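A.B. asks: Structure incoming, see below.
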Amino acid sequence: MATSAASVLDDQATHSFAKDQLKAIVERIERLEEEKKTISDDIKDVYGEAKGNGYDVKALRTIIRMRKQDANERAEQETILETYLQALGML
Numbered sequence: 025m026a027t028s029a030a031s032v033l034d035d036q037a038t039h040s041f042a043k044d045q046l047k048a049i050v051e052r053i054e055r056l057e058e059e060k061k062t063i064s065d066d067i068k069d070v071y072g073e074a075k076g077n078g079y080d081v082k083a084l085r086t087i088i089r090m091r092k093q094d095a096n097e098r099a100e101q102e103t104i105l106e107t108y109l110q111a112l113g114m115l
């Protein structure tokens with residue numbers, strides 16, 4: 025009987041730990057999602073400022089995307105694009 029009671033207490037402790045751990049994970053994700061939204065809003069504001077100063081936002085987004093790429097990957101994509109444009113008579 026004592027073994028059974030100890031087993032129940034272990035199960036309750038494990039359940040409580042798992043519940044607390046899950047709650048902590050969910051709260052961390054929620055906090056990070058809020059931070060992500062704040063950062064996204066800040067980026068949107070910077071693009072709006074750039075547009076207000078006469079910059080082309082679409083070009084800026086392209087530049088940002090290109091700067092994230094590896095130099096070799098970017099060169100390969102540019103080569104493929106140039107090949108396609110040439111094949112379509114657009115160059």
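Here the working numbering = 1-based position in the sequence shown + 24. For every residue, glycine included, the Cβ atom is placed at its ideal position computed from N, Cα and C. Being a predicted model, the structure only gives us computed values, none of them experimental.
(1) Return the first residue and the last residue of the alpha helix (DSSP H) that L112 is part of.
(2) What is the DSSP secondary structure of D80, counted as helix, strand or coil?
(3) Could you check what DSSP says for D94 in three-state terms: helix, strand or coil?
C.D. replies: Per the coordinate set shown:
(1) L112 -> no alpha helix (DSSP H), and no H or E assigned at all.
(2) coil
(3) coil
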